[in-house]
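First the structure, in the form of C-alpha cells, and then the observations on it.
Numbering (the UniProt record's numbering), first residue to last: 1 to 217.
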C-alpha cells in the first residue's frame with residue numbers, strides 16, 4: 001500500500017480499542033509504539049525489498065513481535081516460502097484495499113502481538129516497565145508525569161540519535177492539535193530533573209541548533 005492509502009485511515013476507534021495507522025519507512029517506526037503492531041509490507045518497496053524490510057522489523061526491538069503480513073504481487077509458492085523464511089506471519093495477494101487491511105487488523109486480538117506491551121524495555125541502568133507506566137534507574141523509581149514518561153521511552157528507543165523538537169512532537173503523536181516547540185523544552189527540563197534525582201546524571205544532551213540526544217554511554 002502507498003503512504004497515501006495508509007494515511008487515509010487516520011485513527012480508527014471501534015468503541016473498545018483505538019487503532020493508529022501510519023506509514024512505515026526503511027528507517028523503522030517514526031513515532032512511539034504503544035500496544036500491538038501489525039505491519040503490512042509490499043513485496044517490492046521504493047528503497048529496499050519487502051523481504052529486507054521484514055528482516056529489519058524482526059531485528060528491531062520495537063517491532064520484533066509485530067504481526068507481519070506480506071503483500072505479494074502474484075500467488076507464487078516460492079515467494080511465499082521466501083516470505084515465511086524472512087519472518088512473515090501471513091501473506092495476501094495484492095492489491096489490497098482499506099477493508100482487507102482493517103478486517104485483518106481487527107481479527108488479530110490474540111497471540112504474541114498481544115504480549116509485546118508487557119515486556120520491560122532496558123537500556124543500561126534504565127528500565128522502562130510499560131504496563132506499570134514506571135521507569136527505574138538502578139531499580140530506583142523515577143517520578144515522571146505521563147508526557148515525560150513517554151518522552152523518556154522515545155529517547156531510549158532512539159538512543160544516541162539527535163532528535164529535533166519536531167521529531168519529538170511527532171514521535172509522541174502530539175502534532176494534532178499542534179503544540180509550541182518550546183513545550184518540548186519544558187518536558188526536557190522536567191525529565192532531566194527527574195533523572196538527576198535518582199543519580200542518573202545528565203544522559204540527555206543538548207545539540208545546539210539541532211535538538212537533543214540521549215547518550216547511552
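C-beta: ideal position from N, C-alpha, C; glycine also.
On a predicted model such as this, the values are computed, not experimentally measured, just so you know.
DSSP three-state label for residue i, please.
i           : result
residue 38  : strand
residue 214 : strand
residue 206 : strand
residue 63  : coil
residue 178 : coil
residue 25  : strand
residue 137 : strand
residue 99  : helix
On the premise that residue j lies in contact with residue i, defined as a C-beta separation below 8 Å, what is that separation, rounded to the nearest angstrom?
i           : j           : result
residue 200 : residue 143 : Rounded, the Cβ-Cβ distance is 12 Å, inconsistent with contact.
residue 70  : residue 41  : 6 Å
residue 150 : residue 211 : That pair is no contact at about 17 Å.
Going by alpha carbons, who is nearest to residue i out of the options?
i           : options         : result
residue 62  : 71, 178, 73, 39 : 39
residue 124 : 41, 96, 160, 72 : 160
residue 131 : 89, 138, 153    : 153
residue 88  : 171, 55, 47     : 55
Once the 5 residues before and after residue i are set aside, which same chain residues still bring their CB inside 7 Å of it?
i           : result
residue 209 : none
residue 207 : 162, 213
residue 82  : 51
residue 216 : 123, 124, 159, 160
Measuring straight from C-alpha to C-alpha, what distance separates residue i and residue j?
i           : j           : result
residue 113 : residue 105 : Any reading at residue 113 needs caution, since the residue's pLDDT is 47, under 50, leaving its predicted position unreliable; the model's value is listed next. Using only the alpha carbons, I get a separation of about 11 Å.
residue 92  : residue 44  : 14 Å
residue 74  : residue 181 : 46 Å
residue 148 : residue 190 : 7 Å
residue 127 : residue 77  : 43 Å
residue 188 : residue 84  : 42 Å
residue 66  : residue 86  : 13 Å
residue 37  : residue 145 : 25 Å
residue 32  : residue 79  : 32 Å
residue 97  : residue 155 : 34 Å
residue 158 : residue 68  : 22 Å
residue 136 : residue 94  : 45 Å
residue 121 : residue 58  : 16 Å
residue 183 : residue 133 : 22 Å
residue 90  : residue 167 : 32 Å
residue 139 : residue 72  : 46 Å
residue 174 : residue 60  : 24 Å
residue 171 : residue 102 : 23 Å
Can you list, in chain order, the residues of its chain with a C-beta nearer than 8 Å to that of residue i? Leave out the 5 residues immediately preceding and following it.
i           : result
residue 197 : 142, 143
residue 192 : 202, 204
residue 185 : 165
Would you check whether the ligand FAD has a heavy atom nearer than 7 Å to the C-beta of residue i?
i          : result
residue 97 : Within the structure as shown, the ligand FAD is missing, as the structure has no ligands at all.
Beta-carbon within less than 6 Å of residue i's beta-carbon, same chain only, minus the 5 sequence neighbours each way: which residues are those?
i          : result
residue 64 : 58
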